[in-house]
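Residue numbering for the sequence shown follows this note's numbering, beginning at 131 and increasing consecutively.
I have placed the structure first, in the form of structure tokens, so that the comments after it can refer back to it.
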Amino acid sequence: MAMGKSFNVVIFGESGVGKSSLINLLFNKDIAETSDAALGCTFESKLYRGDREGHSFNIYDTTGLNESEKGLVKPEVAVGNLMKLINSLTDGIHLLIMCMKKGRINNAVSNNYQLFYDGIFEASVPILLVVTQCELDDPIDSWKIHNQALLRSQFKMNFHDIICVTTLNKGKHASKFKEEYTLSREALGAAIAQHSLKQPWVIKNFMDFLMVLLKRIWNIIASYCSFQKLPLSNLIYSIFQKLGFSDREATDKANTLLDELKHNHMSIKIIDVDGTEEGSTE
Ligand SMILES: Nc1nc2c(ncn2[C@@H]2O[C@H](COP(=O)(O)OP(=O)(O)O)[C@@H](O)[C@H]2O)c(=O)[nH]1
Ligand SMILES: [Mg+2]
């Protein structure tokens with residue numbers, strides 16, 4: 131057991147930007163599976179639990195919206211998965227980390243910022259931007275220097291800090307970037323410690339929160355997803371009705387969402403970084 135502080139952090143961003151690699155960097159261990167394939171067009175989340183330098187870290191890995199998979203995720207599924215994540219955040223959250231890979235800022239970046247920072251966490255939890263694939267840059271934070279002002283002025287995104295990293299520690303070029311890897315690891319750890327809330331932000335009433343959240347984020351999700359139809363629960367039904375859907379559509383959506391929540395047991399997968407044991411939040 132870690133004697134120090136605990137940090138509950140949600141990492142989000144498109145698939146393929148380096149979220150799993152970032153978790154491996156943080157723990158200096160290949161614990162999260164990484165992939166080149168643009169799989170997983172869902173909001174499915176995992177919790178990685180582990181210690182580092184005497185502090186305990188609970189890192190939620192969640193995909194968010196993907197630029198290139200427009201229309202593939204049904205809103206019911208997306209909302210269901212988000213609910214599952216939120217329902218798992220019972221100990222509250224100290225920090226958000228949005229992950230992107232170095233390059234152009236696309237719509238998914240600003241939509242995910244709105245969805246998570248403004249939408250779900252009501253701008254109450256500090257947010258860092260971590261930019262991966264910066265190993266060739268000299269200095270390593272060149273991207274930050276060139277884009278920081280633009281992020282604010284053009285994209286209206288304000289981050290508490292921007293950290294440019296490399297997560298490379300395997301493959302034939304990794305040995306060239308040992309120093310950058312170590313610096314990245316230190317910078318990430320320091321930024322988490324510096325910017326995390328002293329007291330975690332906690333969702334007080336899940337059902338109230340669900341109402342507010344659905345209203346707030348529906349447009350963002352809907353713009354990404356294709357709609358579907360079909361039968362019940364009064365509460366969720368009325369949420370959909372209030373959102374302006376017809377009776378039929380509201381019934382359909384409520385049933386699908388409830389099925390999704392039931393089917394997924396409202397819990398996310400937990401991976402213990404320092405053990406093999408896996409469990410669930412239930
Ligand atoms: N060159 C380089 N590749 C990276 C870096 N971070 C991640 N990658 C690669 O990007 C791909 C996607 O990474 P992954 O962590 O699976 O992304 P996720 O889908 O967001 O979890 C993998 O092939 C990683 O090896 C980095 O800092 N530099
Ligand atoms: Mg991943």
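Where is the CB? At the ideal position from N, CA and C, for every residue including glycine.
What separation, rounded to the nearest whole angstrom, lies between the Cα atoms of residue i and residue j?
| i | j | result |
| --- | --- | --- |
| L298 | Y311 | 7 Å |
| S112 | E316 | The structure shown has nothing for residue 112, since the chain only spans 131 to 412. |
| D291 | Q324 | 10 Å |
| G170 | T193 | With a pLDDT of only 46 at G170, under the threshold of 50, the placement of this residue in the model should not be trusted; the figure read from the coordinates follows. Whole-angstrom Cα-Cα distance: 8 Å. |
| K340 | G148 | Reading the sequence as shown, one finds Leu at residue 340 and not Lys. Cα to Cα, L340 sits roughly 29 Å from G148. |
| I293 | L219 | 25 Å |
| D268 | S314 | 13 Å |
| L380 | L195 | Before going on, a small fix: residue 380 reads as Ala here, not Leu. Their backbone Cα atoms lie some 23 Å apart in a straight line. |
| F375 | F142 | 29 Å |
| K159 | S240 | 30 Å |
| L362 | D382 | With a pLDDT of 34 at L362, under the threshold of 50, the predicted position of this residue should be treated as unreliable, and no value is reported. |
| G184 | K302 | 32 Å |
| V332 | T386 | 27 Å |
| S272 | M133 | 36 Å |
| Q244 | M287 | 9 Å |
| N237 | Y367 | 31 Å |
| K334 | K306 | 48 Å |
| A279 | P256 | 18 Å |
| G249 | N211 | 15 Å |
| S410 | I400 | Here S410 scores only 47 on pLDDT, less than 50, and its place in the model should not be relied on; the value that follows carries that caveat. Distance between the alpha carbons of S410 and I400 is about 6 Å. |
| N277 | F285 | 11 Å |
| D377 | Q371 | 7 Å |
| I153 | A384 | 35 Å |
| F289 | G405 | 34 Å |
| V321 | I275 | Note on identity: in this sequence residue 321 is Ala, with Val being the wrong assignment. Spanning the two alpha carbons is a distance of roughly 17 Å. |
| K300 | K135 | 30 Å |
| K328 | V260 | 21 Å |
Pop quiz: residue i and residue j are said to be a contact at Cβ under 8 Å. What is the actual Cβ separation, rounded to whole angstroms?
| i | j | result |
| --- | --- | --- |
| K139 | I216 | The question names Lys, but residue 139 in the sequence shown is Val. Incorrect: roughly 15 Å between the Cβ atoms, too far for contact. |
| K232 | T262 | 7 Å |
| I179 | D402 | Residue 179 is actually Arg in this sequence, not Ile. The pair is a contact, with the Cβ atoms about 5 Å apart (cut-off 8 Å). |
| F137 | S326 | 5 Å |
| H330 | D221 | Going by the sequence as given, residue 330 is Pro instead of His. Contact holds; Cβ gap of about 6 Å. |
| I223 | F251 | 7 Å |
For the beta strand (DSSP E) containing residue i, name the first residue and the last one.
| i | result |
| --- | --- |
| H303 | Counting along the chain, H303 falls outside any beta strand (DSSP E), and DSSP gives it neither H nor E. |
| N138 | 136 to 142 |
| F187 | 185 to 192 |
| V260 | 257 to 262 |
| K231 | 225 to 231 |
| S150 | From DSSP, S150 is part of no beta strand (DSSP E) but of the alpha helix (DSSP H) over 149 to 157. |
| G180 | 175 to 182 |
| K286 | Neither: K286 is in no beta strand (DSSP E) and is coded neither H nor E. |
| L402 | Strictly speaking, residue 402 in this sequence is Asp, with Leu absent from that position. Per DSSP, D402 belongs to the beta strand (DSSP E) from 399 to 402. |
| D291 | 291 to 294 |
Looking at residue i: is its Cβ nearer than 8 Å to the Cβ of residue j?
| i | j | result |
| --- | --- | --- |
| L318 | V295 | yes |
| T164 | S175 | no |
| L226 | Y247 | yes |
| L155 | F187 | no |
Compare the Cα-Cα distances from residue i to each of the options and report the closest residue.
| i | options | result |
| --- | --- | --- |
| C229 | A162, K176, D191 | D191 |
| K214 | Y367, N288, D271, L177 | L177 |
| G146 | A162, L156, M133, F157 | A162 |
| N242 | K135, E144, K399 | E144 |
| A304 | A320, E265, K274 | E265 |
For the alpha helix (DSSP H) containing residue i, list its first residue and its last residue.
| i | result |
| --- | --- |
| S272 | 272 to 283 |
| S240 | 237 to 242 |
Any beta carbon of chain E sitting closer than 8 Å to that of residue i?
| i | result |
| --- | --- |
| M287 | The chain inventory of the structure shown lacks chain E, comprising one protein chain alone. |
Open item on the list: Which residues neighbour ligand 4 when neighbourhood means a C-beta less than 7 Å away from any of its non-hydrogen atoms? List them by chain order.
Closed with: Absence of ligand 4 is noted for the structure shown, with ligand 1 and ligand 2 being the only ligands found.
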